[in-house]
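Its first residue numbered 1, the sequence shown is counted upward by one per residue in the UniProt record's numbering.
Notes follow once the structure below has been shown.
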Amino acid sequence: EIVAVKGRFINEESIPFEYPIYYYWVNSENELIFNSPMKYQLTNITIDYIPQLQLSYNSTDGNWYLPNYFTEESINFTKPFFVSDLWVNNTNNGTYVHPDVDVGYMVGTNAIGTFVHFSNAIHPDSIVRGSIHFGKINDTNQYKLSLQDDLLYQYNILTDTSKFTNASLHLELNAGFKDVVYSELSQVSTTDYKVTVTLYRYHTLQKERSEIGKATISLDKSLLGYHKYDLTIDLADFGLSNNTEQMLIESLTRGTNYDLHITVESSIYNCRVDGNLFKGVYAHDLISANLEIKTDESDLVLDGNNVQTPYMPIAQDNVLLSKLDTSTYQLTSLDYDFDFTVDALFTEIEILYENHDYTFDPIEKTISLINKYRDYAGFIFANITFKAFEWSSGVISSLNPITLTFENDYVKNITKFFEFIIQYNEIPGYELEKIDLTSGRLVLAEEEKSSALLKVYLYNYVE
Numbered sequence: 001e002i003v004a005v006k007g008r009f010i011n012e013e014s015i016p017f018e019y020p021i022y023y024y025w026v027n028s029e030n031e032l033i034f035n036s037p038m039k040y041q042l043t044n045i046t047i048d049y050i051p052q053l054q055l056s057y058n059s060t061d062g063n064w065y066l067p068n069y070f071t072e073e074s075i076n077f078t079k080p081f082f083v084s085d086l087w088v089n090n091t092n093n094g095t096y097v098h099p100d101v102d103v104g105y106m107v108g109t110n111a112i113g114t115f116v117h118f119s120n121a122i123h124p125d126s127i128v129r130g131s132i133h134f135g136k137i138n139d140t141n142q143y144k145l146s147l148q149d150d151l152l153y154q155y156n157i158l159t160d161t162s163k164f165t166n167a168s169l170h171l172e173l174n175a176g177f178k179d180v181v182y183s184e185l186s187q188v189s190t191t192d193y194k195v196t197v198t199l200y201r202y203h204t205l206q207k208e209r210s211e212i213g214k215a216t217i218s219l220d221k222s223l224l225g226y227h228k229y230d231l232t233i234d235l236a237d238f239g240l241s242n243n244t245e246q247m248l249i250e251s252l253t254r255g256t257n258y259d260l261h262i263t264v265e266s267s268i269y270n271c272r273v274d275g276n277l278f279k280g281v282y283a284h285d286l287i288s289a290n291l292e293i294k295t296d297e298s299d300l301v302l303d304g305n306n307v308q309t310p311y312m313p314i315a316q317d318n319v320l321l322s323k324l325d326t327s328t329y330q331l332t333s334l335d336y337d338f339d340f341t342v343d344a345l346f347t348e349i350e351i352l353y354e355n356h357d358y359t360f361d362p363i364e365k366t367i368s369l370i371n372k373y374r375d376y377a378g379f380i381f382a383n384i385t386f387k388a389f390e391w392s393s394g395v396i397s398s399l400n401p402i403t404l405t406f407e408n409d410y411v412k413n414i415t416k417f418f419e420f421i422i423q424y425n426e427i428p429g430y431e432l433e434k435i436d437l438t439s440g441r442l443v444l445a446e447e448e449k450s451s452a453l454l455k456v457y458l459y460n461y462v463e
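Here it is, written out as structure tokens:
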């Protein structure tokens with residue numbers, strides 16, 4: 001019984017790729033036929049299958065027992081737990097999925113082992129065989145589901161004089177089970193659900209790679225359905241030594257024959273199903289990947305001090321959302337018009353989780369309820385943090401507001417005009433650099449300098 005089909009090829013950079021093939025079948029000529037958008041790039045096809053073995057009859061209880069082990073080319077299969085595609089002589093009896101679905105037999109377990117019990121007894125001399133699912137291969141749990149993406153970072157953005165200080169990798173990733181049948185995901189538990197990110201130094205001439213470091217990030221074991229993860233992996237998570245950190249720097253430095261090769265693998269294994277049968281597709285989709293490199297020459301600096309947060313965080317709590325439509329709410333009662341992050345979303349009694357209970361559209365400032373909250377019609381509140389005066393292309397702010405306190409009524413008694421006198425030692429302006437896609441060098445992309453760029457904002461501040 002075929003359980004998985006995968007296609008492989010090696011690109012011109014000698015990097016291996018593997019793609020799962022979901023749509024396949026076997027024709028009357030016993031040939032494997034499949035559809036895949038990558039079909040004409042694939043150079044190798046691998047098939048994962050379950051061996052069909054014969055069951056043994058027990059005259060004492062009348063059951064047919066699965067073999068306790070199976071050895072093939074020094075590979076030991078043990079811990080049988082299920083049989084599918086059951087045959088009696090030349091008759092196919094299908095697969096047992098649930099007691100309410102009658103297939104003429106049931107699968108059970110007792111002190112002797114896993115067995116098949118037929119509703120109507122068959123002759124003891126019958127040949128009963130089926131696809132035997134073993135839990136372990138060479139005493140190792142074999143049911144590990146994993147998918148991997150390979151990334152090649154070809155832009156050498158560091159110079160010999162750059163003082164490398166830190167790096168982080170930002171990933172947007174969808175992962176989890178889709179198209180689940182026979183059991184619900186609430187019946188599935190696991191002890192191992194994670195994303196593994198591995199860094200390699202790739203030699204562009206010799207087509208060889210050397211491992212730099214590996215980071216493992218645990219995923220939420222209570223959310224096994226297909227949904228989005230936003231991950232930030234810091235350099236410290238890779239546990240680099242001085243030697244391997246130097247390998248990373250070489251992969252990013254101009255004038256070398258090295259590039260940075262990154263693999264992103266999500267995996268789930270050691271799963272248990274509280275049910276008769278579970279079937280689903282484990283899916284993995286890497287939406288975006290961004291590598292952030294920090295050096296002394298590229299740090300954000302204001303008045304000689306490094307800026308870690310290039311905006312003024314201003315909190316607004318317990319914001320009551322306005323209901324627009326079924327399952328759609330909008331944040332309207334906001335103190336400011338800056339971009340913001342949703343720190344917490346909650347009803348009067350429960351906390352909601354993004355991409356599991358709702359999705360957030362920062363452009364429209366709307367919340368769309370999903371899954372079990374799709375039909376919710378009550379109050380929803382949010383705690384948010386504004387990114388006031390955030391630095392961006394062409395915009396730099398002081399981040400240090402000046403507070404002027406007036407103890408007397410100067411408007412009625414004295415003041416005829418209000419004047420700010422601002423002195424600066426250089427013309428205000430900005431330079432924007434980008435990575436040239438051909439050379440991988442940092443080049444000047446935009447520049448503007450003018451005293452007219454300076455803007456002053458006044459707010460009536462109530463403490």
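From the three backbone atoms N, C-alpha and C, an ideal C-beta is built for every residue, glycine too.
Residue nearest to residue i in terms of C-alpha spacing, selected from the options
i    : options                   : result
E1   : I50, Y40 and S36          : I50
I293 : I351, E245 and Y23        : E245
D230 : V180, I287 and E184       : I287
S186 : H284, L53, K79 and K221   : K221
D237 : E265, R254 and L199       : L199
G275 : L224, F379, K136 and V107 : V107
N58  : E364, E72 and V128        : V128
I10  : M38, Y24 and Y22          : M38
F346 : F118, K365, Y336 and Y376 : Y376
W391 : D361, I349 and F338       : F338
I363 : T295, I380 and T341       : T341
I157 : K455, K434 and L454       : K434
S126 : F118, F381 and H133       : F118
E184 : L223, G213, Q206 and Y155 : L223
F379 : L42, L320, L352 and T71   : L320
E72  : Y23, I137, G429 and F381  : I137
G213 : L219, S241, Q206 and V195 : S241
S398 : T405, I21, A344 and K455  : K455
Y182 : I75, N400, R374 and L277  : L277
Neighbourhood of residue i by C-beta distance below 6 Å, restricted to the same chain and skipping five residues each side
i           : result
I233        : L169, V197 and A215
I15         : D150
L145        : I268 and Y282
Q54         : R129
Y202        : R209, D259 and H261
Y336        : F386
L300        : V307 and P310
I132        : L53, L66, P80 and V83
Q148        : T263 and E265
residue 466 : This structure leaves residue 466 out entirely; the chain is present only between 1 and 463.
K178        : Y226, V281 and A283
M247        : R201 and I212
Per DSSP, the bridge partner or partners of residue i
i    : result
H117 : M106
W64  : Y57 and V116
V424 : The question names Val, yet the displayed sequence has Tyr at residue 424. Per DSSP, none; premise fails for Y424.
T164 : Position check: residue 164 holds Phe in this sequence, whereas Thr was assumed. Beta-bridge pairing links F164 to T295.
T253 : L158
W87  : N92 and R129
M312 : A388
T78  : Y69 and K136
S28  : DSSP output for S28 lists no bridge partner at all.
E433 : L444
K449 : G429
Y40  : DSSP, once it has assigned bridges, lists no residue as partnering Y40.
T46  : K6
Y22  : DSSP output for Y22 lists no bridge partner at all.
K144 : Y269
Cutoff 7 Å; reference residue i; Cβ partners in own chain excluding five residues on either side
i    : result
H227 : N174, G176, N355 and H356
L235 : N166, A167 and S168
I370 : D357, Y358 and T359
E211 : T198 and Y200
N270 : N141, T190, T191 and D192
K365 : Q330 and L331
E407 : none
Cβ neighbours of residue i in the same chain (closer than 8 Å, five flanking residues each side left out)
i    : result
Y153 : S251, L252, D259, L260, H261, I262 and L291
T295 : L158, S162, K163, F164 and T165
N92  : D85 and L86
V3   : D48, Y49 and I50
Distance cut-off 7 Å: residue i Cβ against heavy atoms of the ligand ATP
i   : result
T91 : The ligand ATP is not part of the structure shown, which contains no ligands of any sort.
Worksheet item: Okay, do the segment 377-389 and the segment 310-324 touch, 3+ Cβ pairs below 8 Å being the bar?
Response: yes
Item to complete: Could you tell me whether the segment 25-39 touches the segment 57-70, where touching means 3 or more Cβ pairs closer than 8 Å?
Response: no
Worksheet item: Whole beta strand (DSSP E) runs in the segment 324-378 with 3 or more residues, listed along the chain?
Response: 328-330, 340-346, 358-361 and 366-369
Discussion item. Measuring CB atoms only, is the segment 417-429 touching the segment 320-328, in the sense that at least three cross pairs come out at less than 8 Å?
Written reply: no
Discussion item. At 3 residues or longer, what runs of the beta strand (DSSP E) sit wholly inside the segment 173-223?
Written reply: 188-203 and 208-218
Worksheet item: Just checking, does the segment 85-97 make contact with the segment 135-144 on the three C-beta pairs under 8 Å criterion?
Response: no
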